[in-house]
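Here the structure comes first, spelled out in structure tokens, and everything after it is commentary.
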Amino acid sequence: MPEAESTIQLGLRGIDYATIAAYMVGTFGIAVWFSRRQKTTEDFFVGGRSMPWFAVGLSILATLFSTLTYLALPGEIIGKGIGFIAGYCALPFAAIVILKFWIPFFMRLRLVSAYEYLERRFSYPVRLVGAVLFILLRLGWMSMVVYAASMALDRVKGPDFAGLPGRDLYWVIGAIGLAAAVYAAVGGIQAMIWIDVLQCLLLLAGVLLAIGFVAFKDGTGPIAWLHTARDHGLGSIEVVDFNITVRVTMLTAFISIFFWEICTHGSDQVVLQRYFSTSSLRAARRSYLTNLGVNLLMALLLAMAGLALLSFFVNHRDLWPTTDGVPERADRLFPHFLGSHLPPGCAGLVIAAFLCDAIQTLEAGVNSITAVATNDLVPRLRRGGRRRFSELGFVRVMVVGVCLVVTCNAYFVSFVIDAYKYGLMEMLPKFFNLFVGPLASMFFIGMFLPRATTRTVLPSVAVGMTVAVLWNWWAQIVGTHHAWWRATFGSGDPPTFLLAIAVPTLTTFGTAALLSLVVERGGWHPGHDYTWRAVLRRPPNEGGAMNDDR
């Protein structure tokens with residue numbers, strides 16, 4: 000073994016911990032600074048609708064392209080090959096839908112909570128179901144992000160801290176949850192967006208550092224890395240296979256990214272709340288285009304980082320964190336590399352970005368959940384009751400409570416991952432993406448099925464959720480060991496996770512289309528005023544009254 004490699008120090012150094020501490024203090028200072036400007040709940044949730052478009056675009060990217068994707072995408076490339084990255088070719092096609100249909104529609108409505116639309120279009124019970132699905136979706140999402148960031152720090156830091164009982168991972172999860180509760184209660188969306196801009200720049204720097212280190216140390220580049228992947232059976236892409244148990248093809252990856260993008264930008268409060276914080280339709284579209292461009296760049300760089308790390312550890316097998324080739328849990332290889340091979344201080348900066356990204360993700364999710372709860376749920380529950388807090392004080396108490404729930408759920412995520420040995424990519428649909436399709440379909444039904452009413456949409460969502468649960472948990476609920484399953488699909492593999500959003504979305508919308516023809520009487524009803532065509536025809540900033548009787 001060369002001497003330079005034998006003296007590699009595993010884990011974070013003192014300067015790394017100092018960097019992490021300085022970064023955490025700095026971002027908290029930003030949160031405190033912006034908290035002084037908050038006077039109303041509208042300031043807290045949508046920043047007075049005056050946020051710059053470029054900051055909003057980077058904030059959307061930093062939120063959706065969280066630590067989960069940052070670790071999962073290189074891990075997917077290392078462990079399973081380059082097939083998934085082909086799905087990002089779908090982004091320009093999804094952009095057409097979002098820029099043409101979604102953003103003009105929602106900006107015309109000028110909401111605080113996106114689920115206000117479901118009451119205007121259908122009824123309060125539909126709004127309630129949409130709000131609950133969103134809360135379940137984002138609770139699972141936040142728990143996964145907290146776990147991923149905690150796992151990254153646990154892998155990077157080196158030996159366990161002395162004097163702490165149990166696993167260090169559990170202490171890190173608790174610390175992130177506590178820090179997020181403080182950040183989220185203080186900052187509001189203005190601080191969140193500006194810290195997201197900083198997060199985005201740091202995450203971009205981290206992946207460039209990893210790529211540059213491998214290129215400099217080995218004197219290789221992307222072409223050589225791709226050849227290495229092909230030599231290990233990871234460099235080919237299967238274009239089409241209609242067997243639903245085939246894990247990745249170019250077609251299913253394309254479908255996955257396309258449906259994720261249009262569903263998230265068409266129904267998710269975390270994203271829509273950022274568009275609501277801009278001043279105009281033009282600014283919202285610029286925000287999305289900023290997000291789209293940096294999203295494509297980041298995906299390409301993370302895929303390149305996965306290929307670079309695979310090549311690096313193939314060329315330096317004595318540096319593998321395991322002794323039996325590519326680790327089964329390949330999503331842990333990237334944080335291991337950061338802590339073991341980057342110069343002192345660099346790893347601390349990237350890990351600080353991971354930790355603050357997790358905290359920011361919690362803050363984004365909690366801010367959106369509290370926006371939904373205080374607009375969609377709490378007013379009905381508190382109607383006629385005594386108010387013990389100011390509106391803003393009540394929001395901050397709720398923020399702390401949600402952070403505690405997420406932290407507890409992150410412990411459960413850790414248990415499931417350890418018990419079943421899942422990778423991050425397979426865990427996403429099981430814990431939160433299963434809600435994306437049915438939730439988004441509620442909006443699509445409202446926009447494009449004029450005959451649909453409450454008696455159409457609620458049964459359709461029930462069907463879609465049943466399909467989503469069965470698709471994602473088929474192996475655990477039904478099992479793939481049955482002879483008929485193997486005879487039909489030729490393997491004991493479960494359905495591909497890449498169709499976990501598309502299938503429930505199409506099932507929910509298709510069921511609603513059928514029911515609207517069978518059970519609806521047709522003719523005009525008040526919900527017609529909130530179809531896509533009707534909303535885009537009305538003058539800008541024109542309001543609309545709620546209708547509870549639909």
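Residues in the sequence shown are numbered from 0 upward in steps of one, following numbering that gives the first Met the number 0. Ideal placement from N, C-alpha and C gives every residue a C-beta, glycine not left out.
Give me, in chain order, the residues of the same chain whose beta-carbon lies closer than 7 Å to that of residue i; leave out the 5 immediate sequence neighbours on both sides.
i    : result
W472 : K429
P346 : According to the sequence provided, residue 346 is Ala. The question's Pro does not apply to it. For A346, where only same-chain residues beyond five positions count, the Cβ hits under 7 Å are L11, D15, V155, L337, G338.
M141 : T360, L361, G364, V405
G129 : Y114, L117, L438, M441
R485 : G491
F241 : none
L203 : M297
N408 : L138, S142
What residue range is occupied by the uninterrupted alpha helix (DSSP H) comprising residue i?
i    : result
F488 : 482-488
H264 : 249-264
S339 : 332-340
R229 : 221-230
G344 : No alpha helix (DSSP H) holds G344; DSSP gives it neither H nor E.
F508 : 501-517
F92  : 90-96
P124 : 123-155
R107 : 102-108
Classify residue i: buried if its beta carbon has 16 or more other beta carbons within 10 angstroms, exposed otherwise.
i    : result
A372 : buried
R520 : exposed
G92  : Checking the displayed sequence, the identity of residue 92 turns out to be Phe instead of Gly. With fewer than 16 Cβ atoms within 10 Å of its Cβ, F92 is classed as exposed.
F312 : buried
A282 : buried
C262 : buried
C199 : buried
G78  : buried
T26  : buried
H480 : exposed
P494 : buried
L271 : buried
D417 : exposed
G205 : buried
P342 : exposed
L309 : buried
V460 : buried
Under 6 Å Cβ to Cβ from residue i, same chain only, skipping five residues before and after it: list those, please.
i    : result
A85  : I236, M249, A252
L132 : F434, L438
F353 : T66, A148, A151
I254 : A501
So what's residue i in DSSP terms, helix, strand or just coil?
i    : result
S276 : coil
A113 : coil
G13  : helix
N471 : helix
R450 : coil
K79  : helix
H527 : helix
F434 : helix
E362 : helix
I84  : helix
F411 : helix
L72  : helix
D240 : coil
Y287 : helix
V477 : coil
Can you check which of these residues, the options, is closest to residue i by C-alpha distance?
i    : options                : result
Y419 : V468, A474, L376       : A474
D217 : G232, N314, L516       : N314
A467 : A499, R485, P73        : A499
A148 : V269, L67, L427, F488  : L67
S286 : I102, D317, T369       : I102
L535 : I416, M106, L110       : M106
W554 : F333, T289, R450       : This structure gives no information on residue 554, because the portion of the chain shown stretches from 0 to 549.
A20  : P124, L457, C355       : C355
L110 : S367, C402, M426       : S367
R137 : L427, L168, I416, E260 : L427
T465 : A482, T504, L497, T487 : T504
V247 : E75, L309, A304, V349  : E75
G596 : W170, G305, L168, L177 : Within the shown structure, residues of the chain are numbered from 0 to 549, placing residue 596 beyond reach of any answer.
W470 : L301, T453, L497       : L497
D375 : V125, I95, G80, T452   : V125
Under the criterion of a Cβ to heavy atom distance below 8 Å, does residue i qualify as lining the ligand COA?
i    : result
S459 : Judged by which ligands are present, the structure shown has none, so any question about the ligand COA falls away.
Enumerate in chain order the residues of its own chain whose CB-to-CB distance from residue i is below 8 Å, with the five nearest sequence positions on each side excluded.
i    : result
T455 : I444, L448, A511, L514, S515, V518, E519
G489 : N242, T244
Does any CB atom of chain B fall closer than 9 Å to the CB of residue i?
i    : result
F431 : In the structure shown, chain B does not exist; there is a single protein chain.
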